[in-house]
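Single-structure report; data block below.
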Amino acid sequence: MPDTATGARIEVEGLTKLFPGAAAPAVDGIDLEIRPGEFMTLLGPSGSGKTTTLNMIAGFESISAGRIALDGGDIAQLPAYKRNLGMVFQNYALFPHMTAAENVAFPLKQRKVAKTEIARRVSEALELVHLGGHGERLPSQLSGGQQQRVALARAVVFEPRALLLDEPLGALDKKLRESLQLEISRLHRELGITFVFVTHDQDEALALSDRIAVFRDGRIEQAGTPADLYETPSSRFVATFLGDSNVFTGRVRDGLLDTGWCSLRAPGGPEGAVALVVRPEHLRLAVPGGPRAEGNVLSATVTDVVYQGAFRRVLVRFDGGGSGQVREAAGVSRSVSVGERVEVCWSEDAGVLVPDGAEPPANQPVGAR
Amino acid sequence: MVSVSPVDAAPAVPAAARRRPRGRPLLLLALPAVVVLAVFFVVPAARLAWLSVSEPALGFGNYTAMASDGVVVTVVLRTLGMAAVVTVLCVLCAYPYAYLMTMVGPRWRAVLTALVLLPFWTSLMARTFAWVVLLQDTGLVNGLLAAVGLGPTRLLGTTAGVSVAMAQVMLPFMVLPVYTAMRGIDRHLVDAAMGLGATPLAAFLRVYLPLSLRGVAAGATLVMVLSLGFYVTPSLVGSPQQSMLAQLISVQVNQLVNFGAAGALAVTLLVVTLVLVAGVQRLTRTGGAPVGLVGGAGS
Amino acid sequence: MRSVRLRRALVAIGVLIGAWLLVPTLIVIPISFSGEDSFAFPPSSWSMRHYATFFTEPSWLNALLVSVQLAVIVTVVATVLGTAAAFALSRTAFHGKGAVNGLFLAPLIVPGIVVAVAVYAAFLQWGLIGTPTGFVLAHTVLAIPFVTVNVGAALGGFDRTLERAAAGLGASSLATFRSVTLPLIMPGVLSGAVFAFVTSFDEVVVSLFIQSPQLQTLPVRMFTSVTNEVDPTIAAASTVVITVTTALLALATALRRNRRHA
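In order, the protein sequence lines correspond to chains A, B and C.
Taking our numbering, the leading residue of the first sequence gets 193, the next gets one more, and so forth.
Taking our numbering, the leading residue of the second sequence gets -2, the next gets one more, and so forth.
Taking our numbering, the leading residue of the third sequence gets 154, the next gets one more, and so forth.
In structure tokens:
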């Protein structure tokens, strides 16, 4: 693979998809600019429109309205096979009647590449995904992880300027997922082309992406770097979708959040109905009556302690109502036990205030989430 | 709050909505086949139905004549009776045979399956001819009957002979669905019933038999339907005096050239067939499984 | 004790039924080598003369040639038309699709004698009785359903993501069909073709009605032989027919197995 290839710029404007018979659009006028060489992840729950968006970029779905541009040129009317974009599917979509090498050769044959050239590039591509010597096997003779590597090789062998990946790791077990995550990351670095990656797995998104666009109900809720999204979510949905959080809902007046059962010092942010989001690792546990830290303090009872190796997850029930979770590094502090009375504290600037637009999912306790 | 799992925020788009009725040009691919079937199957069938109410005079004369003709009524009843006998014979033979198929190892199962498929695939004419040879007065069957002191007796041209020959021709259509149903039965259910105190016979009657009945129903419909319209074997193994509905239709056309009467008989046969198929399908909800095999006998 | 006895009884029944299934298929073979002009079994002398008659007497030889040519043409026509139709129907949704699907199954359900009389009446009017065109059309009608059922089943089990993948990799619709879809549904197409061949090659009832003395298929010739003559040539004809269909099936099975292990 020549590493001189540069990635494509993909621009999406007002992109809309309305399936006939559906009440609401599957994709509802989204705008997104994906920069050359960027690793962009489309993250969201199932049905949020992320896969439909990817399929429209790939050309597998027609668009109802809007514009898709590749390096400035509108490709909305171009059939899929002329778009020259690599594509990796969740279930690999390897052709079962062709060997691994024949699968990888397929896009080159379609482009009428010379036979000797095909042989050379196929073996290079298989080497790239560490599958040299497996070329003569049929997909059914390969493991799931190997099949996905073949799919990756097939998707990049014709040197597309962008690679679209639709939940490529969704069908693999945890160990394989992690090793293939590293593999995909390495491929992205080595090839230098644009990656558009669809997943519903927040950890995967945080680990791999340059930027993430969080989808919800056919719209992009927020787009930004993983750190942006994690540290300063712009909505309660983003805050709860990415990582664990404690959420306190209420109204802000004069810098104080009134939840109805306690009053908390809040950082600057929107007024009115809001949610205060605090990450579990920003909470600390203290012995009641001990030296008080600055910021917010809530009395609580420990309801559960979950040991997770490097850290402990302490679940608590606040005296006023609601529950929360604290994440403590294991071995740093004394372990608390279930039923113990504790104080939960955090500095007021550790939290983020967001508008409380999001209805909490059904069956969730109101108050701290 | 603890680990946030992906929330199903938007209702998933129904799969049916995704499949847009696009690609009309693609539909043109079906056109030649549709035209051939329409012109050379639907049109002739419709014409025949029309002839039955217009030839020789407009009205239901052919149908009333048919219903009041003693010969026709006798033939229809004989056809129904024969179809019933053949169906029962097939059930009685296919059930233990299919059960045996589920009990033996893979090698013997392959042999038993091949024994069923061989006649299924071999020429109907060849098999019918073989039955003529077997059932003749000096044939193998009479030889065997004589050896055990039961013969020789007349077989060719009798309803007994026709039943035995037809049942053999139909047997594959019964064995295959019954075997498919039995293969899907979890043997542990029978063990469980016995573990709960049922005798082997009770376990079979209460658990295994009901579960296998769906296959029996599918096979029985198939055999019944094919038997009702069967022409070749009854005409060659049977006798004109014992003719069945299909033979009567043929006589009306070839000897009497009475398309009106033949049409009325054909429409009657078709209606009975469709009612049978629809009734059993509704009863067992087998969802069209039997049709995949219908017609393989060439009837 | 009980289950052993049950097992023995079952095996005995299985052997009897197996014989019942097998003997009528095979008994024609020894008779075809008989040296006599009767259907006596076992034959008291052996010869090849019934085969000689079969392959030299014009009425038999012509019937065989007509049947083979007809079956080949019907196989090609029905397989092409049926595959195209199955493909179109599996890929489109429209009002009245149920009716069209019913149309494709109807020849399987309607009794053969009804089809025969209906086609006969129509062909009389249209001047197609005893013509090659008439035979091809009638047999094609009977064979198409077997092709659409088999190809439809193959397409039903086909993962359409593969077509998206091919398109994404630069293959046009036609290239995708040729290099991905068709090879993968080939077993279904082959099964359909074998069914189509056997359907035409074996067909008796409709052929009896639309034949003419000048144009007869082999099953029709066999039918008239059983009704009118006591001539063991039909045993030779049966043996040839059984051999042809068995060989064809063995070939189809072998082809499919080969493909799977390729």
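From the three backbone atoms N, C-alpha and C, an ideal C-beta is built for every residue, glycine too.
1. Which residues of chain B have a Cβ atom closer than 7 Å to the Cβ of Val181(C), listed in chain order?
2. Taking Cβ positions only, does Ser344(C) come closer than 9 Å to chain A?
3. Determine which residues of the region 198 to 232 of chain A have a Cβ less than 7 Å from any Cβ of chain C, and write them out in chain order.
4. Contact between the region 326 to 346 of chain A and the region 354 to 368 of chain A: three or more CB pairs below 8 Å?
5. Using beta carbons (cut-off 9 Å, strictly below), is Gln302(A) in contact with chain C?
6. Starting from Asp395(A), trace the alpha helix (DSSP H) in both directions and tell me its first and last residue.
7. Using DSSP bridges, identify the partner residues of Val494(A).
8. Taking the alpha carbon of Val479(A) as the point to measure from, which residue in Val469(A), Ser491(A), Val466(A) has its own alpha carbon closest?
9. Suppose contacts are defined by Cβ-Cβ distances below 9 Å. Is Leu355(A) in contact with Leu383(A) by that definition?
10. Val355(C) touches chain B at which residues, Cβ-Cβ below 8 Å?
11. Tell me the rounded alpha-carbon separation between Ala271(C) and Leu281(C).
12. Would you say Leu308(C) reaches chain A, if we count a Cβ-Cβ gap shorter than 9 Å as a contact?
13. Can you name the residues of chain C whose CB is closer than 7 Å to the CB of Val113(B)?
14. Could you check whether the region 330 to 349 of chain C touches the region 313 to 324 of chain A, counting it as contact only if at least three pairs of C-beta atoms, one from each stretch, sit closer than 8 Å?
15. At a Cβ cut of 9 Å, what residues of the region 260 to 274 of chain A count as close to chain C, listed as they run along the chain?
16. Using alpha carbons as the reference points, say which of Ala306(A), Glu359(A), Ser437(A), Phe429(A) lies closest to Gly516(A).
17. I need the boundaries of the alpha helix (DSSP H) containing Cys564(A), first residue and last residue.
18. Sort Leu242(B), Leu208(B), Gly192(B) by Cα distance to Tyr176(B) and report the nearest one.
19. Using the Cα positions of Leu159(C) and Pro197(B), report the straight-line distance between them to the nearest angstrom.
20. Thr245(A): buried (16+ other C-beta within 10 angstroms of its C-beta) or exposed?
21. Any C-beta of chain C within less than 8 Å: which residues of the region 29 to 43 of chain B qualify?
22. Quick check: what's the CA-CA separation for Phe281(A) versus Trp128(B)?
23. Less than 8 Å between the CB atoms is what I'm expecting for Thr386(A) and Gly229(A), so what's the real figure, rounded?
24. Rounded to whole angstroms, what's the CA-CA distance from Ala467(A) to Val444(A)? Just pull it up for me.
25. Please go through the region 399 to 423 of chain A and give each complete alpha helix (DSSP H) segment of 4 or more residues, from N-terminal end onward.
26. Residues of the region 72 to 101 of chain B with a CB closer than 9 Å to any CB of chain C: list them in chain order, please.
27. Take Ser365(C) as the anchor and find which of Asn251(B), Tyr205(B), Met241(B) has the nearest alpha-carbon.
28. Which residue spans inside the region 192 to 252 of chain C form an unbroken alpha helix (DSSP H) run of at least 4?
29. For Val130(B), go through chain C and note every residue whose CB falls closer than 7 Å to its CB, in chain order.
30. Please report the straight-line C-alpha distance between Gly152(B) and Pro196(C), rounded to a whole angstrom.
31. Where does Arg19(B) land, buried or exposed, given buried means 16+ other C-beta within 10 angstroms?
32. Which chain C residues are close to Thr270(B), counting only those with a beta carbon under 8 Å from its beta carbon?
33. State the beta-bridge partners of Met232(A) as determined by DSSP.
34. Buried or exposed: which applies to Lys562(A), given that a residue is buried once 16 or more other Cβ atoms fall within 10 Å of its Cβ?
35. Note down, in chain order, each residue of its chain lying with its Cβ closer than 8 Å to the Cβ of Ala286(B), except the 5 sequence neighbours on either side.
36. For Gly513(A), which three-state DSSP category applies?
Checking against the coordinates, here is how it stands:
1. Your numbering for residue 181(C) matches position 28 in the third sequence. Ordered by position in chain B, the residues that pass the 7 Å Cβ test against Val181(C) are Ala123, Phe126, Ala127.
2. On the third sequence, position 191 is the one that residue 344(C) refers to. Chain A contact via Cβ: absent.
3. none
4. yes
5. Looking up residue 302(A) in the first sequence gives position 110. Gln302(A) counts as touching chain C.
6. What you label residue 395(A) is simply residue 203 of the first sequence in a count that begins at 1. Run containing Asp395(A): 394 to 400, per the alpha helix (DSSP H) assignment.
7. Taking the first sequence and counting its residues from 1, the one referred to as residue 494(A) is at position 302. Val508(A), per the DSSP bridge assignment.
8. Stepping through the first sequence from its first residue, residue 479(A) is reached at position 287. Nearest C-alpha to Val479(A): Ser491(A).
9. By one-based count along the first sequence, residue 355(A) stands at place 163. By one-based count along the first sequence, residue 383(A) stands at place 191. For Leu355(A) and Leu383(A), yes; Cβs fall inside 9 Å.
10. By one-based count along the third sequence, residue 355(C) stands at place 202. Position check: residue 355(C) holds Asp in this sequence, whereas Val was assumed. Within chain B, the residues near Asp355(C) are Ser120, Leu121, Met122, Gly295.
11. Start at 1 with the first residue of the third sequence, and residue 271(C) comes out as number 118. Start at 1 with the first residue of the third sequence, and residue 281(C) comes out as number 128. About 13 Å.
12. For the purposes of this step, residue 308(C) is taken as residue 155 along the third sequence, with counting starting at 1. Cβ-Cβ to chain A under 9 Å: no for Leu308(C).
13. Locating residue 113(B) in the second sequence gives position 116, where the first residue counts as 1. Leu174, listed in chain order.
14. no
15. Pro271, Ala272, Tyr273, Lys274
16. Against the first sequence, residue 516(A) aligns to sequence position 324. For Gly516(A), the nearest C-alpha among the options comes from Ser437(A).
17. It is not possible to answer for residue 564(A), since the shown part of chain A is limited to 193 through 561.
18. Residue 176(B) sits at position 179 when you count from the first residue of the second sequence. For Tyr176(B), the nearest C-alpha among the options comes from Leu208(B).
19. Within the third sequence, the letter at position 6 stands for residue 159(C). Within the second sequence, the letter at position 200 stands for residue 197(B). Going by the C-alpha atoms only, they are around 11 Å apart.
20. Walking along the first sequence from the start, residue 245(A) turns up at place 53. Buried, by the Cβ-count rule.
21. Pro29, Ala30, Val31, Val33, Leu34, Ala35, Phe37, Phe38, Val39, Val40, Pro41, Ala42
22. On the first sequence, residue 281(A) is found 89 positions in, with the first residue counted as 1. On the second sequence, residue 128(B) is found 131 positions in, with the first residue counted as 1. Cα-Cα distance, rounded: 59 Å.
23. Indexing the first sequence from 1 puts residue 386(A) at position 194. Indexing the first sequence from 1 puts residue 229(A) at position 37. Their Cβ separation, rounded to whole angstroms, is 6 Å, which keeps Thr386(A) and Gly229(A) in contact under 8 Å.
24. Taking the first sequence and counting its residues from 1, the one referred to as residue 467(A) is at position 275. Taking the first sequence and counting its residues from 1, the one referred to as residue 444(A) is at position 252. If you take the alpha carbons of Ala467(A) and Val444(A), they lie about 9 Å apart.
25. 418 to 423
26. Cys90, Ala91, Pro93, Tyr94, Tyr96, Leu97, Met98, Met100, Val101
27. For this step, residue 365(C) is matched to residue 212 along the third sequence. For Ser365(C), the nearest C-alpha among the options comes from Asn251(B).
28. 202 to 209, 211 to 244
29. As a first step, residue 130(B) is located in the second sequence; it is residue number 133 there, counting from the start. By Cβ distance, chain C contributes Ile180, Ile184, Phe192, Phe194.
30. Taking the first residue of the second sequence as position 1, residue 152(B) is located at position 155. Taking the first residue of the third sequence as position 1, residue 196(C) is located at position 43. This sequence places Leu at residue 152(B); Gly is not what is there. Each residue's Cα considered, the two are about 21 Å apart.
31. In the second sequence, residue 19(B) corresponds to position 22, counting from 1. Per-residue confidence for Arg19(B) stands at a pLDDT of 48, beneath the threshold of 50, marking its modelled position as unreliable; no derived number is given.
32. The residue labelled residue 270(B) in the question sits at position 273 within the second sequence. Under the 8 Å cutoff, chain C gives Ile262, Val263, Pro264.
33. Your numbering for residue 232(A) matches position 40 in the first sequence. Val388(A), Arg403(A), per the DSSP bridge assignment.
34. The structure shown does not extend to residue 562(A), since chain A spans only 193 to 561, so no value can be given for it.
35. Residue mapping note: residue 286(B) aligns to position 289 of the second sequence, counting from 1. In this prediction, Ala286(B) has a pLDDT of 40, which is less than 50 and means its spatial position is unreliable; nothing more can be read from the coordinates.
36. Translated into the one-based positions of the first sequence, residue 513(A) becomes position 321. If DSSP states are grouped into helix, strand and coil, Gly513(A) belongs with coil.
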